[in-house]
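Q: Numbering (this note's numbering), first residue to last: -3 to 409. In this text, a Cβ means the ideal position worked out from N, Cα and C, and glycines have one as well.
Take a look at the structure:
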């Protein structure tokens, strides 16, 4: 029987959690303060610890440090009644397995406890209306998740708020799911939840939004990650304007191949978006692999740039992921009027003047078109599955990308 240790100074939390977990077949140990909890941990060696952050004398963060000192692979789930992304990020960076906010959801507690000990893993009930559709006998690729939880810090490009995100492994057929902090709403990274695609791609749940998701999804696409929980406040951090930091974190966490497979979306006939103007063109057609052909034609200092991407993860990490977000200086005023772009700093955004790049040296001569490819790879992954086919793009952005994804879903899924 798996042991769960609950450390919380609120007697009502101890009693309610222990009752729920005992009903599910767990052996429950209880402590009302950190000192008592550490003694029980040392004596009983529980499989997972549910640890409140805010306690008198020895607080939860101190207890977490002590537990990790005594057993560096201990599974500790931190609980807080004053959840913020900074608290969650700090806890996970120190070794916490996951983070839960009060008031606690019974389903989420059971899901996290089961996932942490690897017992009876199932998809999260809070996103039960969404699942990866797997067709037996037709799957070609294994589903994947990350090997361990990891934390990434940064600033939101459009909010300007210092933030971070926590990436956590998830079981098969879950999909990529965002969980907003502190309210805990879960939003699938799926085309049906997209609500804003002007300067960035965003998804919306019943009460919450998650913005600027395309760089994260781009990296997930190329790493083959199909199951992932992303805890974040409201906006994915911009980092240096590229996806390279996300790739580094995924490399650190490791990629785990799972038992179930997933059927790729196979483009079997040519599809062109109609009625595009100003020289724009976007089409999908059959191919024996995933590839993108992008032509960007702009005034100086961008000019005409063309890039064809038809390789895998290693080529992506070397040649696409480092390409940064860019924009003209004059556009910052318009973004500011819209309440966007306040996180654009000199080190996370290529700023363009009338004739030259103002603030940085380019990483590639054609960095602008490479970033367009990066964004397209991310937007296409809002179908949550690998793609077999060729995408040809001219002058397009998020609006056209999302329109194509909707049409791909309608036509081929």
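#1: Please classify residue 303: does DSSP put it in a helix, a strand, or coil?
#2: Tell me whether the region 377 to 396 and the region 213 to 228 touch, counting them as touching only if at least three CB pairs, one residue from each stretch, are closer than 8 Å.
#3: Please report the straight-line C-alpha distance between residue 167 and residue 39, rounded to a whole angstrom.
#4: Here's the rule: buried if 16 or more other CB atoms are within 10 angstroms of the residue's CB, otherwise exposed. What is residue 302?
#5: Go to residue 218, then tell me how far its alpha helix (DSSP H) extends in each direction, as first and last residue.
#6: Residue 65 lies in the alpha helix (DSSP H); which residues open and close that run?
#7: Rounded to a whole number of angstroms, what is the C-alpha to C-alpha distance between residue 68 and residue 170?
#8: Identify whether residue 39 lies in helix, strand or coil by the three-state DSSP scheme.
#9: Does the Cβ-Cβ distance between residue 305 and residue 385 come in under 8 Å?
#10: When the Cα atoms are used, what is the spatial distance from residue 262 to residue 358?
#11: If you draw a straight line from the alpha carbon of residue 336 to that of residue 21, how long is it in whole angstroms?
#12: Quick check on residue 83: does DSSP put it in helix, strand or coil?
#13: Given residue 43, which residues of its chain have a CB within under 6 Å of its CB, disregarding the five upstream and five downstream residues?
#14: Buried or exposed: where does residue 4 fall if 16 or more other Cβ atoms within 10 Å of its Cβ makes it buried?
#15: Which residues in the same chain as residue 135 place their Cβ atom closer than 7 Å to its Cβ, once the five residues preceding and following it in sequence are excluded?
#16: To the nearest angstrom, how far is the alpha carbon of residue 53 from that of residue 45?
#17: Looking at the secondary structure, which residues open and close the beta strand (DSSP E) in which residue 244 lies?
#18: If you draw a straight line from the C-alpha of residue 36 to the C-alpha of residue 47, how long is it?
#19: Is residue 269 near residue 403, with beta carbons less than 8 Å apart?
#20: By the DSSP assignment, the alpha helix (DSSP H) with residue 312 in it spans what residues?
#21: Can you tell me whether residue 56 is buried or exposed? The criterion is at least 16 other CB atoms within 10 Å of its CB, across all chains shown.
#22: What does a CB cutoff of less than 6 Å around residue 214 pick up in its chain, not counting 5 residues either side in sequence?
#23: Considering only the alpha carbon of each residue, which of 77, 144, 66, 110 lies closest to residue 88?
#24: Leaving out the 5 sequence neighbours to the left and right, which residues in its chain are closer than 6 Å to residue 316 when beta-carbon positions are compared?
#25: Ignoring anything shorter than 3 residues, give me the beta strand (DSSP E) runs that lie fully in the region -1 to 35, in order along the chain.
#26: Looking at residue 229: is its Cβ nearer than 8 Å to the Cβ of residue 177?
#27: Going by DSSP, what residue range makes up the alpha helix (DSSP H) through residue 376?
#28: Between residue 105 and the rest of its own chain, which residues show a CB-CB distance below 6 Å, the 5 nearest in sequence each way excluded?
#29: Residue 395 by DSSP, collapsed to three states: which one?
#30: For the ligand HEM, I want to know if residue 7 counts as a neighbour, meaning its beta carbon is within less than 7 Å of at least one of the ligand's heavy atoms.
#31: How about residue 245 and residue 163: do their beta carbons lie closer than 8 Å?
#32: Do you know offhand how far residue 65's Cα is from residue 27's?
A: Here's the rundown:
#1: strand
#2: yes
#3: 31 Å
#4: exposed
#5: 210 to 219
#6: 56 to 66
#7: 28 Å
#8: helix
#9: no
#10: 35 Å
#11: Note that residue 336 has pLDDT 44, beneath the 50 cutoff, so the model's placement of it is unreliable and no number is given.
#12: helix
#13: -2, -1, 113
#14: buried
#15: Low confidence applies to residue 135: its pLDDT is 49, below 50, so where it sits in the model is not reliable enough to give any reading.
#16: 19 Å
#17: Taken as a continuous stretch (DSSP letters only), residue 244 belongs to no beta strand (DSSP E), being part of the alpha helix (DSSP H) at 240 to 249.
#18: 13 Å
#19: yes
#20: 309 to 315
#21: buried
#22: 239, 370, 373, 374
#23: 144
#24: 366, 369, 370
#25: -1 to 3, 23 to 27
#26: yes
#27: 363 to 376
#28: none
#29: helix
#30: As far as ligands go, the structure on display features none, and thus does not contain the ligand HEM.
#31: yes
#32: 19 Å
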